[in-house]
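Down below is the structure, laid out as structure tokens.
In the numbering used here, the protein residues as written are 7 to 116.
Structure (structure tokens):
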């Protein structure tokens, strides 16, 4: 339970997602996982759930739709050495995802 169980799961999902998008940087993959996580517990990052529950399919779908840019620029990495959890960047608030493109008209057959 806790981080002992979460770390290998998140690392596995990060590797799985990255294997589909090898041109993304580690920072972009990590930011995508943070931005697409499902918040649990107190709003935002908290000591019990971190940034939330990792969502592999959502992360994959966002990168497929928006590309590596969804994970943000790589010039300002979120990770800060060995500091982890909410303390690694206490002022970080994941930005909302980019706006979705307008829906395309559906075509019906007569």
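Each residue gets a CB set at the ideal place from its N, CA and C atoms; glycine is no exception.
Beta-carbon separation (whole angstroms), residue i vs residue j, contact threshold 8 Å
i, j, result
"residue 36", "residue 20", "7 Å"
"residue 92", "residue 34", "No, residue 92 and residue 34 are not in contact; Cβ-Cβ is about 20 Å, not under 8 Å."
"residue 22", "residue 62", "6 Å"
Nearest residue (CA-CA) to residue i, options the options
i, options, result
"residue 60", "43, 33, 11 and 31", "43"
"residue 25", "70, 51, 92 and 50", "70"
"residue 27", "52, 109 and 76", "76"
"residue 15", "51, 58, 111 and 50", "58"
Per DSSP, cross-strand counterpart(s) of residue i
i, result
"residue 59", "44"
Assigned exposure category for residue i - 16 Cβ within 10 Å defines buried
i, result
"residue 30", "buried"
"residue 78", "buried"
"residue 54", "exposed"
"residue 13", "exposed"
"residue 56", "buried"
Residue i: CB within 6 Å of a non-hydrogen atom of the ligand HEM
i, result
"residue 52", "Annotation note on the ligand HEM: not contained in the displayed structure, which lists no ligands."
Should the region 28-43 be regarded as contacting the region 66-79, the criterion being three or more beta carbon pairs within less than 8 Å? yes
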